[in-house]
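Engineer: Just so we're aligned, residue 6 is where the sequence shown starts under the numbering used here, counting upward by one. Quick one: the structure is below, questions incoming.
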Amino acid sequence: MFFRQKKEDTRPRIAAVIPAAGSSTRMGTNKLLLPLDGVPVLARTLLAFEQCPLVDDIIIVCREQDIAPYGKLAQEFGCTKVRHIVRGGQNRPESVLAGLNACEPDTAYVAIHDGARPLVPQAVIEEAITAAMDTGAAAPVVPLKDSIKRISDGKIIADVARDSIAAVQTPQCFDRALISTALKEAIAAGAALTDDCAAVERLGTLVTATSGSYRNLKVTTPEDIPMAEALLNQED
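So this is what it looks like as structure tokens:
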């Protein structure tokens with residue numbers, strides 16, 4: 006269904022790996038197929054990387070039953086960079102590793118992005134990829150807007166300085182060999198990972214923080230759909 010595209014330049018090959026499990030108890034349906042101003046959430050996510058000049062290939066990782074509909078969706082919306090749609094594992098680390106293993110052999114860097122983040126700006130993608138090419142690991146972050154408190158037994162016990170913490174988004178970008186090794190070791194150790202950055206952090210690698218965007222929201226609950234549509238309408 007999908008074919009390898011020959012690179013025409015000397016830039017290292019870069020792939021976007023899109024974990025797209027889709028199932029959601031909070032949404033009650035496959036949130037990635039829900040329309041976002043008429044276009045499915047996953048289609049908007051794929052198109053963001055389709056339009057990125059730094060990305061050569063897109064790998065989708067999903068449940069077995071979603072492979073065919075996701076393939077149809079990719080073709081319908083002209084996502085020509087989609088090379089493989091592969092079945093995921095029992096958890097996110099296993100699923101991401103399956104996506105990494107499906108990349109072309111000469112893939113040097115990967116951008117791992119949540120399928121449910123359809124509004125990621127091009128500048129966020131490109132800055133994170135470029136930083137990872139320089140340092141080996143990078144992820145976009147945004148400052149927290151709310152005050153942060155430490156809680157114990159239902160009581161506020163301390164303030165947490167906001168200037169020392171941030172909300173981390175995707176795409177989280179890495180040297181492919183680094184993240185592959187990190188995930189394999191984390192899986193073997195049964196480590197609990199909060200995100201993909203946590204895998205390389207276990208190995209002592211520092212992740213470069215790049216500029217995120219408040220537009221880059223993750224569609225998680227039903228309330229997120231109208232919020233995302235409002236952001237789209239702001240563009241118009």
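For every residue, glycine included, the Cβ atom is placed at its ideal position computed from N, Cα and C.
1) According to DSSP, simplified to helix, strand and coil, what is I162?
2) Rounded to whole angstroms, what is the Cα-Cα separation between I19 and V146?
3) If you draw a straight line from the alpha carbon of R68 to that of A26, how long is it in whole angstroms?
4) Nearest to T175 by CA position, among R16, D14, I23, is which residue?
5) Could you tell me the alpha carbon to alpha carbon distance between R167 and D151, rounded to whole angstroms?
6) By the DSSP assignment, the alpha helix (DSSP H) with F82 in it spans what residues?
7) Who pairs with T50 in a beta bridge, going by DSSP?
8) Would you identify the three-state DSSP class for P231, choosing helix, strand or coil?
9) If we call anything under 9 Å between Cβ atoms a contact, is A116 one with V60?
10) Give every residue of the same chain whose Cβ lies closer than 6 Å to the Cβ of T50, excluding the five residues on either side of it in the sequence, and list them in chain order.
11) Are the CB atoms of L198 and G141 nearer to each other than 9 Å?
12) Can you tell which of V66, A194, L188, D111 has its C-alpha closest to the C-alpha of P15?
13) Relative to the C-alpha of T215, which residue among V129, T226, M232 is closest?
Structural biologist: This is what the structure holds:
1) As a working mapping, residue 162 is identified with position 157 in the sequence shown. In the structure shown, I162 adopts extended strand secondary structure according to DSSP, grouped into three states.
2) As a first step, residue 19 must be located in the sequence shown, where it is residue number 14. As a first step, residue 146 must be located in the sequence shown, where it is residue number 141. Approximately 21 Å between the Cα atoms of the pair.
3) To locate residue 68, count along the sequence shown from 1; it is residue 63. To locate residue 26, count along the sequence shown from 1; it is residue 21. If you take the alpha carbons of R68 and A26, they lie about 6 Å apart.
4) Indexing the sequence shown from 1 puts residue 175 at position 170. Closest by alpha carbon: I23.
5) To locate residue 167, count along the sequence shown from 1; it is residue 162. To locate residue 151, count along the sequence shown from 1; it is residue 146. C-alpha of R167 to C-alpha of D151: approximately 8 Å in a straight line.
6) For the purposes of this step, residue 82 is taken as the residue at position 77 of the sequence shown. Per DSSP, F82 lies in no alpha helix (DSSP H) and is assigned neither H nor E.
7) Walking along the sequence shown from the start, residue 50 turns up at place 45. According to DSSP, which records beta bridges pairwise, T50 is partnered with nothing at all.
8) To locate residue 231, count along the sequence shown from 1; it is residue 226. It is helical.
9) Residue 116 sits at position 111 when you count from the first residue of the sequence shown. Residue 60 sits at position 55 when you count from the first residue of the sequence shown. Going by beta carbons, A116 and V60 fall inside the 9 Å limit.
10) Within the sequence shown, residue 50 is the residue found at index 45, counting from 1. Here the set comprises G120, P123.
11) Position 193 of the sequence shown, counted from the start, is the residue given in the question as residue 198. Position 136 of the sequence shown, counted from the start, is the residue given in the question as residue 141. Cβ distance not < 9 Å, so L198 and G141 don't count as in contact.
12) As a first step, residue 15 must be located in the sequence shown, where it is residue number 10. The question names Pro, but residue 15 in the sequence shown is Thr. In terms of Cα proximity to T15, the closest of V66, A194, L188, D111 is D111.
13) Here residue 215 refers to the residue found at position 210 when the sequence shown is read from its first residue. Of the candidates V129, T226, M232, the one whose C-alpha sits nearest the C-alpha of T215 is V129.
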